[in-house]
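Each residue of the sequence shown is one higher than the one before, starting from 0 at the first, in numbering that gives the first Met the number 0.
Backbone N, C-alpha and C fix where the C-beta goes; we use that ideal spot for every residue, glycine too.
Presented below is the structure to which this report refers.
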Amino acid sequence: MSEIKNLNFGAVILDMDGVITKTARVHAKAWKKMFDEFLEKREGESFRPLDIKIDYNKYIDGIPRLDGIRGFLKSRNINIPEGNPDDEPGKNTVHGLGKRKNNIFMDVVEKDGVQVYDDAAEMIKKWKKENIKLAVISSSQNCKYIMQKTGLEDKFKVRVDGNTLKEEHLRGKPEPDMFLKASEYLQVKPEDTIIIEDAIQGVQAGKKGNFAYVVGVSRNGKEKSLEKAGADIVVNKLTELLYQDKKNPETLPNALEEIEDLFEKKGNRKITIFLDYDGTLTPIVSDPDAAELPDDNRKIITGLSNITPVAIISGRDLKDLKSKIKIDTVIYAGSHGFDITGPKGLQMVHESEKEVTPALDEAEKHLKEQLQNIQGVKIERKKFAIAVHYRNVEKENIQEIKDVVQKEADRLEILKIGSGKKIRELKPNIDWNKGYALDWLTEKLGWDKKKYLRIYLGDDITDEDGFEVIKKDGIGILVGTHGEKTSASLALRNTKEVTSFLQHLEEKIR
0 MSEIKNLNFG AVILDMDGVI TKTARVHAKA WKKMFDEFLE KREGESFRPL DIKIDYNKYI
60 DGIPRLDGIR GFLKSRNINI PEGNPDDEPG KNTVHGLGKR KNNIFMDVVE KDGVQVYDDA
120 AEMIKKWKKE NIKLAVISSS QNCKYIMQKT GLEDKFKVRV DGNTLKEEHL RGKPEPDMFL
180 KASEYLQVKP EDTIIIEDAI QGVQAGKKGN FAYVVGVSRN GKEKSLEKAG ADIVVNKLTE
240 LLYQDKKNPE TLPNALEEIE DLFEKKGNRK ITIFLDYDGT LTPIVSDPDA AELPDDNRKI
300 ITGLSNITPV AIISGRDLKD LKSKIKIDTV IYAGSHGFDI TGPKGLQMVH ESEKEVTPAL
360 DEAEKHLKEQ LQNIQGVKIE RKKFAIAVHY RNVEKENIQE IKDVVQKEAD RLEILKIGSG
420 KKIRELKPNI DWNKGYALDW LTEKLGWDKK KYLRIYLGDD ITDEDGFEVI KKDGIGILVG
480 THGEKTSASL ALRNTKEVTS FLQHLEEKIR
């Protein structure tokens, strides 16, 4: 795909739900609740519920409310009266169902408020400072109300929403009318404008409008769908756009040769060290259970953790991770940071545990049934994830494994796909990762960025979340390569160089 690099643009048009605000999931749940209640009353206990991963994404997400109702009902061969805008929410008409869904959504917003994605807030602030013109678009008629709740309304020169659609007689997504109207109001040409969308229909609309770039935002593992829809680039966070010129791993300076510069950057600050496990502290092996921590690394980490904070952040289950390392003075963050423990009573279990566990139980059962005849596959159940390892699987069977895991992610709303080296994971469909865990520890333990230099060592794509978090004021060190571009600033070739680096680091700190 293309990169936003050295691109001169005058405006950015951002979708609201799922890009700026954490309301996309609230919308999805409101739609599901409304339609499931409607279908159950109509068809009885044998009704087929709305599937968020399939029905919602295909017929509803990102398009005008009434069009979403019409599209979903048509997919189920259900005909109801159109009704009129004065219909009450209890009436089974297109307008009535629309009001019913909106009432459910607004009840949640009134109760819980509206959260903004940190990366969106950071980029909006940056663009405003650079005098980039900003517009917010949404198919929702509640856009103004939601933006007022966020406190960001005054950051946007233009708003095009569901009310504009009605007043200006515009077509909804996947047609480009909303984006084109926003660029018209901004007085900027489409070819000088970037579109940022999280919905498939929104990406399609941006491409139809011939805008300079269409950025797909994959908060919930929809990278491939957004790419297929035509996104020029797909990011997990908007702040990734800051680093589109990031280097290939092969061109990064070697951390062993940069230790003096590292300590110059440290100044009077202390050092906090974050380490991945597999591929960083121990080589990748065909059997994950056999990945034992080398004695040299155990000795060095023990020494380091007695003079400076050390945290191990791994995709491994917390219990498994602790059993591999066996050092009481380090902090352990298992399951990509969903499960944390450490000295002096440090403890954090992500609040999603009760919601996620039943879904993982169900997915584990299905995966074992569907993959039982494939030789070499290993299904590893963790507290907050299921890892499906295919390192020892014949090449012709790998795609089948990926498809089966994807099917489970599509079927269960609470789960999403995670990728790594020769692995597919099912993990919570929640905005949390190693980077968030790193920031949580930083705040929880008072590792003020002015007093501590954060150093993160990792080898996999999942470690990029950690590299990105410390990009501005810390040091990310990529071990080996994961085949993609990186936000790390330094590199080490292998786990042996990690051992040497940590040894030198301990000597310098002492």
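Just to confirm, are residue i and residue j a CB contact at a threshold of 7 Å?
i: Q374; j: V403; result: no
i: S137; j: D160; result: yes
i: I131; j: V11; result: yes
i: I79; j: G67; result: no
i: T494; j: P357; result: no
i: K443; j: D472; result: no
i: N516; j: D409; result: The requested residue 516 is not part of the displayed model; the chain covers only 0 to 509.
i: G95; j: G82; result: yes
i: I378; j: K367; result: yes
i: H26; j: D16; result: yes
i: V93; j: L65; result: yes
i: I51; j: K31; result: yes
i: L292; j: L280; result: yes
i: N296; j: T498; result: yes
i: A211; j: T192; result: yes
i: P84; j: R99; result: no
i: G201; j: P189; result: no
Quick one: using the 10 Å Cβ neighbour count with 16 as the cut-off for buried, is residue i buried or exposed?
i: K245; result: The pLDDT assigned to K245 is 49, lower than 50, so where the model puts this residue is not dependable; a value taken from the coordinates is nonetheless given after this. Buried.
i: N428; result: buried
i: A29; result: buried
i: Q147; result: exposed
i: L414; result: buried
i: D323; result: Residue identity differs from the one stated: residue 323 is Lys in this sequence, not Asp. Counting Cβ neighbours within 10 Å, K323 comes out buried, since at least 16 surround it.
i: N510; result: What is shown of the chain runs 0 to 509, which leaves residue 510 out entirely.
i: D360; result: exposed
i: A362; result: buried
i: H168; result: exposed
i: L13; result: buried
i: V216; result: buried
i: S285; result: exposed
i: G482; result: exposed
i: E467; result: buried
i: N141; result: buried
i: N102; result: exposed
i: D462; result: buried
i: E424; result: buried
i: A490; result: buried
i: K4; result: Here the model assigns K4 a pLDDT of 48, short of 50, so the residue's position is not dependable, and the following value carries that caveat. The residue is exposed, with fewer than 16 neighbouring Cβ atoms inside 10 Å.
i: S488; result: buried
i: N76; result: exposed
i: D338; result: buried
i: N372; result: exposed
My assumption, with CB atoms under 8 Å, is that residue i sits in contact with residue j. Please give the rounded CB distance.
i: K421; j: D316; result: So it is not a contact: roughly 18 Å between Cβ atoms.
i: I474; j: L452; result: 7 Å
i: K406; j: G417; result: About 15 Å; that fails the 8 Å criterion.
i: L523; j: L261; result: Outside the shown range of the chain (0 to 509) lies residue 523, about which nothing can therefore be said.
i: G344; j: I330; result: Contact flag wrong, Cβ pair sits at about 12 Å.
i: A204; j: P173; result: 5 Å
i: E505; j: G336; result: Contact flag wrong, Cβ pair sits at about 25 Å.
i: V18; j: A119; result: 6 Å
i: K154; j: K127; result: 6 Å
i: N305; j: T328; result: 6 Å
i: I258; j: K507; result: 7 Å
i: R218; j: D86; result: Going by Cβ atoms, the distance from R218 to D86 rounds to 34 Å, so no, they are not a contact pair.
i: R268; j: K450; result: 6 Å
i: T149; j: V115; result: 5 Å
i: H349; j: P287; result: Not quite, the Cβ-Cβ distance comes to about 22 Å (not below 8 Å), so this is no contact.
Should residue i be listed as close to the ligand GTP, given that the test is whether its C-beta is under 6 Å from any heavy atom?
i: D160; result: The model depicted lacks the ligand GTP and carries no ligand whatsoever.
Can a CB atom of chain D be found closer than 7 Å to the CB of residue i?
i: G482; result: Absent here is chain D; the protein component of the structure consists of one chain.
Any contact of the segment 217-234 with the segment 30-46, i.e. 3+ C-beta pairs under 8 Å? no
Uninterrupted beta strand (DSSP E) stretches inside the segment 158-212 (no shorter than 3 residues): Whole beta strand (DSSP E) segments, 3+ residues: 192-196.
Sufficient close CB pairs (3 or more, under 8 Å) joining the segment 450-470 to the segment 392-411: With a cut-off of 8 Å on Cβ pairs, the segment 450-470 is not in contact with the segment 392-411, counting fewer than three such pairs.
Decide if the segment 173-180 is in contact with the segment 189-204; the criterion is three or more beta carbon pairs, one per stretch, under 8 Å apart. yes
Determine, using beta-carbon pairs with one atom in the segment 299-315 and one in the segment 432-440, whether at least three such pairs fall under 8 Å. yes
Can you list the alpha helix (DSSP H) stretches of 4 or more residues lying completely in the segment 267-314, in chain order? Taking only runs of at least 4 residues, the alpha helix (DSSP H) segments lying wholly in the segment 267-314 are 294-304.
Ranges of the alpha helix (DSSP H) found wholly within the segment 341-425, counting only runs of at least 4: 352-370, 394-410
Mind listing, in chain order, the continuous alpha helix (DSSP H) runs of no fewer than 4 residues lying wholly within the segment 431-501? 433-443, 463-468
Can you give, in chain order, each stretch of the beta strand (DSSP E) that sits fully within the segment 91-145 and has at least 3 residues? 132-136
Mind listing, in chain order, the continuous beta strand (DSSP E) runs of no fewer than 3 residues lying wholly within the segment 8-35? Scanning the segment 8-35 for uninterrupted beta strand (DSSP E) segments of 3 residues or longer gives 10-14, listed from N- to C-terminal end.
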